[in-house]
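Engineer: First residue of the sequence shown? That's 200 in my numbering, and the numbers climb one at a time after it.
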Amino acid sequence: MTPLSGGGYRVIDTDHGPAGFVYERPPFRLKRIYLPRPSREALFHRMADDFPPENPREGEDAEEVRAMARSLTAYFSGKPLMVDWERLDLEGLTPLQQAVLRTVAAIPFGGVRSYGEIARAIGRPGASRFVGNVMAKNPFPILIPCHRVVRGDGSLGGFGGGTDLKKAMIEMEAAASG
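(1) Put F308 into one of helix, strand or coil per three-state DSSP.
(2) Indicate whether G360 and P225 have their beta-carbon atoms separated by less than 8 Å.
(3) Rounded to whole angstroms, what is the Cα-Cα separation between M267 and D248?
(4) Under 8 Å, with one C-beta from each stretch per pair, do the segment 325-340 and the segment 306-317 reach the 3-pair mark?
(5) Do three or more CB pairs link the segment 344-356 to the segment 366-373 at distances below 8 Å?
(6) Considering only DSSP beta bridges, list what R328 is partnered with.
(7) Taking the alpha-carbon of F227 as reference, which of R209, E263, R319, F243 has the nearest alpha-carbon?
(8) Within 10 angstroms of the Cβ of T302, are there 16 or more other Cβ atoms? Answer buried if so, exposed if not.
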């Protein structure tokens, strides 16, 4: 990731710990979403891996920032999210990586798909491992719901926020949509 030229970050509190996002503006572009961590310190430590601490700043009250914070908060209350592709910073992602992200974004709220199903959907039936690698580096978890991608045998597989969070998110969505 590169230092921000303008923008900052926002932290939201969830039942799973603080989560956050980093953005650039103007115009508003989402740079990265961070899954819930056990503490704000752990979240800031993770954010600093991507953005030096002297760059991001919290507290900007632009409507786009408030709207993204409301959307993420609503998600953890059981509401589906909509992806605004124009507001996502996809710089540095190949067309094939973007195809994986778009396919995963289309998984219905409360549903799951396997890595193999995603690979077949992008026209690369042997690319399950590639799909897994893209999911591991997904800059927009929650919004691009990598937690909805599971192994072919139905087991959870990996997740940047840990398998307990992945399971909780899948269960919350299933309950909210059922």
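Backbone N, C-alpha and C fix where the C-beta goes; we use that ideal spot for every residue, glycine too.
Quick caveat: nothing in here was measured; it's all calculated off a predicted structure.
Structural biologist: With the structure as the only source:
(1) coil
(2) no
(3) 22 Å
(4) yes
(5) yes
(6) Paired residues: none, contrary to the question.
(7) E263
(8) buried
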